[in-house]
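In terms of our numbering, the sequence shown opens at residue -3 and continues consecutively. From the three backbone atoms N, C-alpha and C, an ideal C-beta is built for every residue, glycine too. Working notes for the structure below.
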Amino acid sequence: MKKENINRRQFVGGLAATLPLMTTFPQVVAAKTLGLGGAVAPSNRINLGFVGLGRHGRGVNLWNLAGFSDCYTRVLCDVDRGQIPLALETMKEVGAEAVSKKNITQDWR
């Protein structure tokens, strides 16, 4: 492979050509990605999944963590189907966002 030599003028010219792109970048990114407009930036979110929603899982873990504004409950899992409605009720009580139905499961694997 032949090595291409680049002189100073070519380098500065290439740099000048990319400058407009670099200055418009912040305007292209969605405001919620940067955490503007009251949105929480993805880097400041804590995504949670709860496996086991019995007495401790629901009464302590879910109750204490799901209500925080920067914590998002993404998955609920329990082999006992009867625990799921109780966990959903707990989430309503603490003011947490609803979990998508596809993310509620009995299979923890």
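Coarse secondary structure for residue i, derived from DSSP in three states
{"i": "residue 64", "result": "coil"}
{"i": "residue 120", "result": "There is simply no residue 120 to check, as the chain begins at -3 and stops at 105 in what is shown."}
{"i": "residue 80", "result": "helix"}
{"i": "residue 3", "result": "coil"}
{"i": "residue 36", "result": "coil"}
For residue i: DSSP bridge partner residues
{"i": "residue 46", "result": "72"}
Inter-residue spacing [alpha-carbon to alpha-carbon] between residue i and residue j
{"i": "residue 33", "j": "residue 26", "result": "10 Å"}
{"i": "residue 4", "j": "residue 63", "result": "57 Å"}
{"i": "residue -1", "j": "residue 42", "result": "47 Å"}
{"i": "residue 72", "j": "residue 18", "result": "42 Å"}
Rounded distance between the beta-carbons of residue j and residue i, thought under 8 Å
{"i": "residue 40", "j": "residue 70", "result": "With 8 Å as the limit, residue 40 and residue 70 do not qualify as a contact, their Cβ atoms being about 16 Å apart."}
Pair within 8 Å by beta-carbon distance, residue i and residue j
{"i": "residue 86", "j": "residue 54", "result": "yes"}
{"i": "residue 74", "j": "residue 49", "result": "yes"}
{"i": "residue 45", "j": "residue 37", "result": "no"}
{"i": "residue 56", "j": "residue 104", "result": "no"}
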